[in-house]
Amino acid sequence: MTTTVPDPAALGVAVLGYSFMGKAHSNAWRNVNAFYPTPRVAQKVLVGRDAGHVAEAARRYGWEESGTDWRSVLERDDIHVVDICTPGHLHADMAVAALEAGKHVLVEKPLANTVAEAERMVAAAAAARARGVRSMVGFNYRRVPALALARELIADGRVGRVRQVRVSYLQDWLADEHAPMTWRLRRETAGSGALGDLASHAVDQVRFLLDSPVTSVSGTVTTFVPTREGAAGPEPVTVDDAAWATLRTASGAVVSLEVSRCATGRKNALEIEVYGSRGGLRFDLERLNELHLFDTAAAPDTQGYNRILVTEDTHPYVGAWWPAGHVLGWDHTFTSQAADLLRAIDMGTPPAPGFEDGLEVQRVLGAVTDSAARSGATVHL
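Add 119 to a position in the sequence shown, counting from 1, and you land on the number used in the numbering used here.
As structure tokens, this is what we get:
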């Protein structure tokens, strides 16, 4: 029998939330030191509301212990990193309290449910940064090697001046009108529907790939199924099922955005198309190891989109994993995300994306909501 000896030099990690994202983040913390040369971590405590369920999850995911009181975790000297994977309405209070307690903080996207909450979190992050405390928002798709490569190609001018971008994020888990009510369909807990859940990723990718802020928004939202069955009977759905928007960026690009959780037959389809003066790029999350590049400099008789298999050790993030040609998966992005945060803590540098990035995304999402309420009128940021 092997006994694990506590490592006093390790950074103690606490994850708040044990469901979908708690599981993904737990997997990341369990594996990060195996693949990345980062400061050592110890999986100290997993926190959730249901004592029995969180204890079982902690056992399965490799945590030393479980708990139900997140505030008591912040008082512990053996906790150095707090990773928040709870519903959005809890993000602000948890993050601000953790930062004030001197803990490094990772918050799952979207950063908050409202711009006001996000601004409060940014202020707390700035104050903590002055004391050497780091904070990051979890836009894990920045760690997809193909998308990180796309950013490099755009920055290097391989597609020329970007004129337009088409981004859609489509899922179908709410396409069935009999799908039950969840916290994600209540505004008081989720803040918004597909807008915050999916468009937050899409907007962050626009900002990440183009390295340019969004300057104006016009959009519309809709709820296809206004009532769903809850534990106590039918409940009104108070968030959007789908949203559409046109964004303009400071660099001059025009962006077409579409998100839906009612797109029948689409499982987790984040698709991005970038069209520039010299070429184009295409990406599909359901084929996340591939990036397609069109180069107008190629001979006309052989022009076409070239498939790049982003699995070489020279590609972003890939070198930490398997031999060349061996594909990565969705879960790898969370491990790479944890590694980026640990490196920033170790080097004393601001991790990216920071809370300021999360705030800017929240402002765009809020502008879509404002525009929709005004029949699609343009909202300037």
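For glycine and all other residues, C-beta sits at the position ideal for the given N, C-alpha and C.
No experiment lies behind these values; they were computed from the predicted model shown.
In whole angstroms, give me the CA-to-CA distance for Ala-243 and Met-213.
What you label residue 243 is simply residue 124 of the sequence shown in a count that begins at 1. What you label residue 213 is simply residue 94 of the sequence shown in a count that begins at 1. When rounded, the distance between both Cα atoms is 11 Å.
Subject >> 7 Å CB neighbourhood of Gly-495 in its chain, flanking five on each side removed >> reply: Position 376 of the sequence shown, counting from 1, holds the residue named residue 495. The residues are Ser-337, Gly-338 and Thr-339.
For Asp-126, which three-state DSSP category applies? Within the sequence shown, the letter at position 7 stands for residue 126. If DSSP states are grouped into helix, strand and coil, Asp-126 belongs with coil.
message: Does Asp-403 come out as helix, strand or coil in the three-state DSSP assignment?
response: Sequence index remark: in the sequence shown, residue 403 carries index 284 (1-based). Correct three-state label for Asp-403: strand.
#### Entry: For Leu-478, the first and last residue of its enclosing alpha helix (DSSP H)
Counted from its first residue, the sequence shown places residue 478 at position 359. Element bounds for Leu-478: 474–492.
Quick one: using the 10 Å Cβ neighbour count with 16 as the cut-off for buried, is Arg-326 buried or exposed?
Within the sequence shown, the letter at position 207 stands for residue 326. The residue is buried, with at least 16 neighbouring Cβ atoms inside 10 Å.
inquiry  = Which of the three DSSP states is assigned to Met-120 in this structure?
reply    = For the purposes of this step, residue 120 is taken as the residue at position 1 of the sequence shown. Note that Met-120 scores 37 on pLDDT, short of 50, meaning its location in the model is unreliable and no value can be drawn from it.
Please tell me whether Ala-265 and Asn-387 are closer than 8 Å, where the distance is taken between their beta carbons. On the sequence shown, residue 265 is found 146 positions in, with the first residue counted as 1. On the sequence shown, residue 387 is found 268 positions in, with the first residue counted as 1. Contact: no.
Tell me the rounded alpha-carbon separation between Pro-419 and Val-333.
Here residue 419 corresponds to residue number 300 of the sequence shown, with the count starting at 1. Here residue 333 corresponds to residue number 214 of the sequence shown, with the count starting at 1. Their Cα atoms are separated by approximately 35 Å.
Of the choices Glu-405, Gly-399 and Pro-442, whose alpha-carbon is the least far from that of Ala-417? Looking up residue 417 in the sequence shown gives position 298. The shortest C-alpha separation from Ala-417 is found at Gly-399.
Q) What are the start and end residues of the beta strand (DSSP E) that includes Glu-219? A) Numbered from its first residue, the sequence shown carries residue 219 at position 100. No beta strand (DSSP E) holds Glu-219; the alpha helix (DSSP H) holding it covers 210–219.
### Message
Only counting the same chain, and skipping five residues up and downstream in sequence, which positions put a Cβ closer than 6 Å to that of Thr-488?
### Response
Here residue 488 refers to the residue found at position 369 of the sequence shown. Here the set comprises nothing.
Quick check on Cys-204 - is its C-beta less than 8 Å from some C-beta in chain B?
Checking the listed chains, one finds no chain B in this structure; it contains a single protein chain.
State the Cα-Cα distance for the pair Thr-342 and Asp-360, rounded to the nearest angstrom.
-> Counting from 1 along the sequence shown, the entry for residue 342 is found at position 223. Counting from 1 along the sequence shown, the entry for residue 360 is found at position 241. Their backbone Cα atoms lie some 5 Å apart in a straight line.
Pick from Phe-139, Val-173 and Ala-267 that is closest to Phe-402, judged by C-alpha positions: The count along the sequence shown starts at 1 and reaches residue 402 at position 283. Here the closest residue by C-alpha is Ala-267.
Quick check on DSSP: helix, strand or coil for Ala-298? If you number the sequence shown from 1, residue 298 lands on position 179. If DSSP states are grouped into helix, strand and coil, Ala-298 belongs with coil.
In three-state terms, what does DSSP make of Val-224?
Taking the first residue of the sequence shown as position 1, residue 224 is located at position 105. Val-224: strand per DSSP, three-state reduction.
Hey, Val-286 and Ala-313: beta-carbon distance below 8 Å or not?
Locating residue 286 in the sequence shown gives position 167, counting from the first residue. Locating residue 313 in the sequence shown gives position 194, counting from the first residue. Result no, Cβ atoms of Val-286 and Ala-313 do not sit closer than 8 Å.
| request: For Met-240, count neighbouring C-beta atoms within 10 Å of its own C-beta (all shown protein chains included) and say buried if the count is 16 or more, exposed if not. | output: Here residue 240 refers to the residue found at position 121 of the sequence shown. Met-240 should be labelled buried.
Requested in this report: For Leu-289, collect the residues of the same chain with a Cβ closer than 6 Å to its Cβ; drop the 5 residues on either side in sequence, then sort them by chain order.
Outcome: Residue 289 sits at position 170 when you count from the first residue of the sequence shown. Counting only Cβ-Cβ distances below 6 Å, and skipping sequence neighbours, we find Ser-379, Ala-382, Arg-385 and Ala-388.
Mapping DSSP to helix, strand and coil, what is Asn-152?
-> Here residue 152 refers to the residue found at position 33 when the sequence shown is read from its first residue. Reduced to three states, the DSSP call for Asn-152 is helix.
* To do: Express the C-alpha separation of Arg-493 and Ala-296 in angstroms, rounding to a whole number.
  => In the sequence shown, counting from the first residue as 1, residue 296 sits at position 177. In the sequence shown, counting from the first residue as 1, residue 493 sits at position 374. The question names Ala, yet the displayed sequence has Glu at residue 296. The straight-line gap from Cα to Cα measures roughly 28 Å.
ask   = Comparing alpha-carbon positions, which option in Leu-328, Gly-352, Gln-283 and Ile-198 lies nearest Pro-299?
value = Counting from 1 along the sequence shown, the entry for residue 299 is found at position 180. Measuring from the Cα of Pro-299, the nearest candidate turns out to be Gly-352.
**Message:** Can you list, in chain order, the residues of its chain with a C-beta nearer than 7 Å to that of Ala-443? Leave out the 5 residues immediately preceding and following it.
**Reply:** For the purposes of this step, residue 443 is taken as residue 324 along the sequence shown, with counting starting at 1. If we look at Ala-443 and ignore the five residues flanking it on each side, its Cβ neighbours are Thr-430, Glu-431 and Asp-432.
Point to revise | Arg-462 to Pro-345 span [Cα, whole Å] | key: Counted from its first residue, the sequence shown places residue 462 at position 343. Counted from its first residue, the sequence shown places residue 345 at position 226. Near 45 Å, if we compare the C-alpha coordinates of Pro-345 and Arg-462.
Checklist entry - Nearest-angstrom Cα distance between Pro-470 and Val-151? => result Stepping through the sequence shown from its first residue, residue 470 is reached at position 351. Stepping through the sequence shown from its first residue, residue 151 is reached at position 32. Between Pro-470 and Val-151, the C-alpha separation is close to 16 Å.
Quiz item: Under a three-way DSSP split, which group does Gln-290 fall into?
Solution: As a working mapping, residue 290 is identified with position 171 in the sequence shown. Gln-290: coil per DSSP, three-state reduction.
Quiz item: Measuring from the CB of Leu-404, is there a heavy atom of the ligand FMN at a distance below 7 Å?
Solution: Of ligands this structure carries none, so the ligand FMN is not represented either.
Practice task
Put Thr-346 into one of helix, strand or coil per three-state DSSP.
Solution key: The residue given as residue 346 occupies position 227 in the sequence shown. Thr-346: strand per DSSP, three-state reduction.
**OP:** Could you check how far apart the C-beta atoms of Arg-178 and Ala-129 are, in whole angstroms? I think they sit under 8 Å.
**Re:** What you label residue 178 is simply residue 59 of the sequence shown in a count that begins at 1. What you label residue 129 is simply residue 10 of the sequence shown in a count that begins at 1. About 20 Å separates the two Cβ atoms, so there is no contact after all.
Nonlocal neighbours in the same chain, by C-beta distance under 7 Å from Leu-410, ignoring five residues either side | If you number the sequence shown from 1, residue 410 lands on position 291. These residues qualify, in order along the chain: Ala-265, Leu-268, Ala-269, Leu-400, Phe-402, Ile-427 and Val-429.
Going by beta carbon distance, what residues of the same chain come within less than 6 Å of Tyr-137, once the five residues before and after it are set aside?
As a first step, residue 137 must be located in the sequence shown, where it is residue number 18. Excluding residues within five positions, the ones whose Cβ falls inside 6 Å are Leu-165, Gly-167, Val-173 and Ala-176.
- Message: Looking only at its chain, what residues have a beta carbon closer than 7 Å to the beta carbon of Trp-189, apart from the 5 residues adjacent to it on each side?
- Response: Within the sequence shown, residue 189 is the residue found at index 70, counting from 1. The answer, listed in chain order, is Leu-135, Val-166 and Met-213.
Nearest by alpha-carbon distance to Ser-490: which of Ala-246, Ala-153 and Ser-335 is it? Your numbering for residue 490 matches position 371 in the sequence shown. The shortest Cα separation from Ser-490 among Ala-246, Ala-153 and Ser-335 belongs to Ser-335.
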